[in-house]
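Engineer: Those protein sequence lines, which keep their order, are chains A, B, C and D. In my numbering, each residue carries its 1-based index in the first sequence increased by 191. In my numbering, each residue carries its 1-based index in the second sequence increased by 191. In my numbering, each residue carries its 1-based index in the third sequence increased by 15. In my numbering, each residue carries its 1-based index in the fourth sequence increased by 49.
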Amino acid sequence: MPDPRPNPDRLTLTRASVALQGRVILQDLTLDLTEQRIGIIGRNGSGKTTLLRLMAGLIAPGSGTVRLGNLDPFHDRKAMLSRLGILFQNPDHQILFPTVIEELTFGLRQQGLPADQARTRALAALTAEGRADWCDLPCHHLSQGQRHYLCLMAVLLMAPQTILLDEPLAGLDLPTQIRLARRFADLPQRLITISHDPASVRNCQRVIWLDAGTLRADGPPSPILDAYEAEMHRIGGLDADPDLAG
Amino acid sequence: MPDPRPNPDRLTLTRASVALQGRVILQDLTLDLTEQRIGIIGRNGSGKTTLLRLMAGLIAPGSGTVRLGNLDPFHDRKAMLSRLGILFQNPDHQILFPTVIEELTFGLRQQGLPADQARTRALAALTAEGRADWCDLPCHHLSQGQRHYLCLMAVLLMAPQTILLDEPLAGLDLPTQIRLARRFADLPQRLITISHDPASVRNCQRVIWLDAGTLRADGPPSPILDAYEAEMHRIGGLDADPDLAG
Amino acid sequence: MEKNLTQIALFAALIAILGLVPKVDLISGVPITAQSLGIMLCGTVLGARNGALAVLLFLFVTIAGLPLLSGGRGGFGVLAGPSVGYIIGFPIAAYVTGAIVEFWRVNVGLSATVAAFLGGFVVLNVLGVIGMSIMLDKTLPEAALLALPFAVGDTIKSVIAGLVTHAIARARPEALLSRA
Amino acid sequence: MLTLTSPVKTFAHDIPAGPKLAALGLVTVTLFAMTSPLSLAIALAALSLAILSCGRPFSIALLRSLRPLWPFLMVLSLWHLWLGDVAGGFAIGLRMITAVAAASFVTMTTPLAEMLALFQRLLSPLTRLGLNPKALALALALMIRFIPVMLDRFEILSHAWRARSPRRIGWHVVMPATLAALDDAAQVAEALRARGGAL
Ligand SMILES: Nc1ncnc2c1ncn2[C@@H]1O[C@H](COP(=O)(O)OP(=O)(O)OP(=O)(O)O)[C@@H](O)[C@H]1O
Ligand SMILES: Nc1ncnc2c1ncn2[C@@H]1O[C@H](COP(=O)(O)OP(=O)(O)OP(=O)(O)O)[C@@H](O)[C@H]1O
Ligand SMILES: O=C(O)CCCC[C@@H]1SC[C@@H]2NC(=O)N[C@@H]21
Ligand SMILES: [Mg+2]
Ligand SMILES: [Mg+2]
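Given below as structure tokens:
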């Protein structure tokens with residue numbers, strides 16, 4: 192674990208629930224997150240992405256509360272900029288600008304950096320990654336994995352105290368995965384990582400297992416991930432899902 | 192390997208090249224594909240998806256030819272319906288209809304099945320997967336992994352002789368991956384699978400390694416995948432990509 | 016073929032979405048709506064033929080009974096109301112707008128702004144005024160007076176249509192069917 | 050999606066769409082031919098009876114569909130009072146209420162699918178002019194899919210904006226959402242091609 196900088200604020204959920212289109216997606220979650228490395232696992236549709244959106248203050252809880260320190264991430268957007276960053280699961284949901292450089296500088300500009308400094312920082316980051324040639328490319332000319340990587344660079348550039356990552360390695364090639372894993376390990380920030388792949392959250396200090404919108408387990412990784420894998424293989428052995436909950 | 196049905200037509204590329212927006216993406220590919228299980232690997236941006244689109248006849252080669260048997264997949268769209276199916280990398284790029292059942296029946300209707308029979312077949316497939324409750328759901332209410340799965344069902348329902356799969360397991364949870372792997376293994380059709388994960392194409396009879404739009408290797412899986420993994424780990428060990436080719 | 020079809024469907028949907036922007040009711044019974052911006056964009060982006068088809072598709076579904084006109088209206092009733100001239104004018108306006116963009120090959124932003132104004136304001140309101148004069152039993156000048164409140168909004172919409180079309184031409188030139 | 054079709058079943062739901070539409074056309078033409086307020090009032094009364102026979106909830110729903118007419122009716126009365134032509138004013142007002150109510154009646158008692166099927170049959174002579182009925186059906190389904198998808202897009206990109214900016218969302222997201230929608234359409238075109246296209 193990297194040498195931790197002054198701890199980011201604790202992230203707490205108190206009996207938080209979310210319903211979308213009349214369906215309850217997250218039910219009555221109570222969590223108090225202080226660890227530097229936290230993993231969230233669960234099956235497709237278990238509500239991982241929704242939980243991330245909730246924690247990031249992109250949606251408000253239907254009932255209950257969400258707090259980062261004593262701030263409400265849904266309302267204190269300005270304060271969140273340096274405190275919370277989020278990597279979306281689908282790069283197409285994240286990219287706002289036509290070209291790579293605009294996409295990268297946007298967040299920095301929002302944090303108050305002057306245009307030229309933002310550009311210099313973004314260019315330096317691209318160059319460090321061996322991607323200086325991307326600078327003026329239209330984002331939609333990049334391959335899916337490349338777009339995903341671009342989104343990650345944009346978030347890391349902003350260097351928020353807590354970073355929420357929704358399947359950060361899915362779709363990336365091996366070298367990039369290896370490099371990123373190394374990079375993540377060195378980051379002084381708190382990382383909350385969503386994954387359906389237990390291996391990628393083994394090194395966390397705490398793992399949360401979501402199941403159909405509720406907390407199935409919460410604690411140290413080894414026992415939880417073992418139980419998760421066993422359960423997943425058990426379900427995988429069945430011919431179809433017994434539970435009809437969509 | 193399942194007992195093969197009368198072999199699907201051979202898929203041949205002869206000195207095929209593709210340029211998009213003035214950039215050469217695939218260069219001078221010559222391939223003669225007859226095997227039942229073929230894997231295509233390569234880094235992000237190496238041109239895998241573009242190759243798939245080319246083979247499926249969604250784009251035409253800038254130069255060279257693509258043939259399935261003696262048909263041109265780009266021009267003989269009608270003939271391709273029963274011969275070629277494709278699973279896109281991003282489910283949002285594939286789903287055409289507002290509801291799950293419409294999405295599933297469309298392909299069958301295109302193949303000439305009457306509306307009621309198409310519906311019955313689609314419902315039966317949903318029920319077999321334990322997903323009968325999805326029937327009338329709007330597709331955009333499913334989670335990303337669920338949408339991915341829906342697309343796969345839609346392709347499998349049409350039962351084309353050759354199925355092109357672009358990262359079919361990425362984003363799916365473990366039980367679904369396990370089940371699908373089993374399902375794929377049992378399919379009598381030819382499968383051409385794209386992946387950046389060497390493990391998922393180990394069981395193929397032939398593996399093609401794409402690198403920056405050209406053929407880096409082509410042959411039996413073991414040696415190629417070993418070399419690929421070694422190379423990927425080597426590159427992963429570097430701090431950044433030395434090659435600036437986007 | 017497929018590309019035209021999907022873009023037509025997309026722009027028909029866009030008109031429907033613009034119907035969610037709150038309308039302003041006027042005494043004539045014809046509201047100020049954002050939907051005429053959609054009509055303009057159909058022309059400037061899709062061109063004459065495809066633009067008109069997109070509008071027809073929208074009207075087809077609306078008249079058949081989906082409440083997609085601003086304020087959640089639809090069904091045959093809209094053809095019996097004071098807006099009928101505008102409704103009939105929608106596809107014609109899109110066609111004229113598109114034809115101008117296709118024909119007048121100067122900078123697409125300029126051409127689109129002017130086209131949107133001529134098609135989406137002038138032509139559309141001429142037809143709309145004729146409709147009002149018939150339905151409300153007014154003389155043409157009286158009916159024209161009733162259309163006066165649209166002038167400011169429609170001019171702004173023309174400029175927006177020009178800007179959006181210009182931005183599309185820069186970022187997705189391949190999507191601009193009117194200049195394909 | 051919400052349609053205008055009434056969930057309350059009425060006798061008119063059982064009449065096929067074709068005859069209903071033909072009758073509506075006939076009624077509308079007749080209404081515009083009538084000039085005397087008395088005959089128009091009789092027509093409205095007859096229609097009202099038919100509507101009221103369908104029960105209270107249905108009648109209220111139908112009445113609601115006439116709401117957009119009220120500002121027009123107000124101007125009309127002021128205008129004709131000022132002109133002193135009360136009979137003429139009554140005729141115009143009665144005519145419009147009756148015509149719109151009759152149209153709403155047909156819309157509310159015909160399922161959308163049936164109406165669309167009828168339209169497609171009516172348009173089928175245009176096949177010779179190059180209209181492809183299958184393409185029309187497809188365009189229709191795609192349009193209905195694009196509405197929620199575009200709204201979702203807007204919301205999701207608003208999230209992307211919120212995630213990185215304290216400034217208000219508004220028009221900043223319009224252009225990205227428009228481009229994303231165009232990309233979606235391009236992808237859908239390809240997906241369509243992959244499954245046989247608009248054959
Ligand atoms: N906009 C929405 N409206 C209605 N239901 C939704 C919406 N978005 C998501 N859902 C539902 O909420 C549930 C949780 O979705 P979510 O995206 O959080 O799952 P997830 O755990 O991230 O899954 P995945 O691993 O597939 O990404 C799913 O069952 C999905 O169908
Ligand atoms: N429409 C386009 N215009 C220009 N360049 C493009 C376009 N689509 C893809 N490219 C470029 O072509 C190259 C290959 O893209 P492709 O999507 O085939 O890669 P891929 O191997 O599938 O990658 P990934 O693993 O990330 O999905 C990339 O460098 C990309 O930047
Ligand atoms: O919704 C309807 O009933 C049709 C309304 C037509 C409104 C026309 S479009 C041109 C002009 N500009 C406006 O803002 N409104 C009118
Ligand atoms: Mg998710
Ligand atoms: Mg790809």
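C-beta: ideal position from N, C-alpha, C; glycine also. None of the values given here were measured: they were computed from a predicted structure.
#1: Just confirm the distance between the C-beta atoms of residue 121 of chain D and residue 43 of chain C, as a whole number of angstroms; I'd bet it's less than 8 angstroms.
#2: Using only the heavy atoms of ligand 2, determine whether one of them is closer than 7 angstroms to the beta carbon of residue 237 of chain B.
#3: Does the Cβ of residue 91 of chain C lie closer than 7 angstroms to at least one heavy atom of ligand 3?
#4: Quick one, which of B/274, B/326, B/321 has its alpha-carbon nearest residue 429 of chain A's?
#5: Which runs of the alpha helix (DSSP H) fall wholly inside the stretch 358-411 of chain A and span at least 4 residues, in chain order?
#6: Return the first residue and the last residue of the beta strand (DSSP E) that residue 255 of chain B is part of.
#7: Please report how far the alpha carbon of residue 70 of chain C lies from the alpha carbon of residue 185 of chain D, in whole angstroms.
#8: Taking Cβ positions only, does residue 423 of chain B come closer than 8 angstroms to chain A?
#9: How big is the Cα-Cα spacing for residue 212 of chain D and residue 276 of chain A?
#10: Does any C-beta atom of chain D lie closer than 8 angstroms to the C-beta of residue 239 of chain B?
#11: Going by DSSP, what residue range makes up the alpha helix (DSSP H) through residue 228 of chain A?
#12: Are any of the Cβ atoms in chain A nearer than 8 angstroms to that of residue 21 of chain C?
#13: Please check if any C-beta of chain A sits within less than 8 angstroms of the C-beta of residue 358 of chain B.
#14: Have a look at residue 100 of chain D and residue 103 of chain C and give me their C-alpha separation to the nearest angstrom.
#15: Comparing C-alpha positions only, which one of B/332, B/426, B/358, B/308 sits nearest to residue 213 of chain A?
#16: In this structure, does DSSP put residue 193 of chain A in helix, strand or coil?
#17: Would residue 351 of chain B and residue 274 of chain B qualify as a contact pair, given that the criterion is a beta-carbon distance under 8 angstroms?
#18: Taking the DSSP output, what are the residues bridged to residue 95 of chain C?
#19: Taking Cβ positions, are residue 404 of chain B and residue 363 of chain B nearer each other than 8 angstroms?
#20: In this structure, does DSSP put residue 117 of chain D in helix, strand or coil?
#21: Do the CB positions of residue 383 of chain A and residue 229 of chain A come within less than 8 angstroms of each other?
#22: For a contact meaning CB atoms closer than 9 angstroms, what does residue 312 of chain B contact in chain D?
#23: If you reduce the DSSP assignment to three classes, tell me which class residue 276 of chain B lands in.
#24: Just to confirm, does residue 61 of chain C get its C-beta within under 7 angstroms of one of the non-hydrogen atoms of ligand 2?
#25: Could you check if residue 189 of chain C is buried or exposed, using at least 16 other CB atoms within 10 Å of its CB as the buried criterion?
#26: Do residue 114 of chain C and residue 176 of chain C have their C-beta atoms within less than 8 angstroms of each other?
#27: Out of C/92, C/119, C/165, point me to the one whose CA is closest to residue 118 of chain D's CA.
#28: Do residue 280 of chain B and ligand 5 come close, with the Cβ less than 7 angstroms from some heavy atom?
#29: Do residue 335 of chain B and ligand 4 come close, with the Cβ less than 7 angstroms from some heavy atom?
#30: With a threshold of 8 angstroms between beta-carbons, can residue 266 of chain B be considered close to chain A, or not?
#31: To the nearest angstrom, report how far apart residue 79 of chain D and residue 61 of chain C are at their CA atoms.
#32: Can you list, in chain order, the stretches of the beta strand (DSSP E) that have 3 or more residues and sit fully within the stretch 149-175 of chain D?
#33: Using the three-state DSSP reduction, which class does residue 292 of chain A fall into: helix, strand or coil?
#34: Which residue from D/237, D/146, D/166, D/208 puts its Cα closest to that of residue 90 of chain D?
#35: Among D/127, D/237, D/93, D/64, which one has its Cα closest to the Cα of residue 76 of chain D?
#36: Looking only at C-alpha atoms, which of C/120, C/159, C/138, C/136 sits nearest to residue 147 of chain C?
Structural biologist: A quick look at the data gives this:
#1: 7 angstroms
#2: yes
#3: Look at residue 91 of chain C: its beta carbon is at least 7 angstroms from all of the heavy atoms in ligand 3.
#4: Among B/274, B/326, B/321, the Cα nearest to that of residue 429 of chain A belongs to B/321.
#5: 365-377
#6: Per DSSP, the unbroken beta strand (DSSP E) holding residue 255 of chain B starts and ends at 254-259.
#7: 13 angstroms
#8: yes
#9: 7 angstroms
#10: no
#11: Residue 228 of chain A -> not in any alpha helix (DSSP H); beta strand (DSSP E) instead, spanning 228-233.
#12: no
#13: By this cut-off, residue 358 of chain B is an interface position.
#14: Going from the Cα of residue 100 of chain D to the Cα of residue 103 of chain C covers about 28 angstroms.
#15: B/332
#16: For residue 193 of chain A, the predicted model reports a pLDDT of 47, less than 50, meaning its position is unreliable; a value from the coordinates is still stated below. Three-state DSSP puts residue 193 of chain A in coil, outside helix and strand.
#17: yes
#18: Its beta-bridge partners do not exist; DSSP assigns none.
#19: Not in contact: residue 404 of chain B and residue 363 of chain B (Cβ atoms no closer than 8 angstroms).
#20: Three-state DSSP puts residue 117 of chain D in a helix.
#21: yes
#22: By Cβ distance, chain D contributes nothing, its closest Cβ being about 15 angstroms from residue 312 of chain B, past 9 angstroms.
#23: strand
#24: no
#25: exposed
#26: no
#27: C/92
#28: yes
#29: yes
#30: By this cut-off, residue 266 of chain B is not an interface position.
#31: 39 angstroms
#32: none
#33: helix
#34: D/146
#35: D/93
#36: C/159 is the residue among C/120, C/159, C/138, C/136 whose C-alpha sits nearest the C-alpha of residue 147 of chain C.
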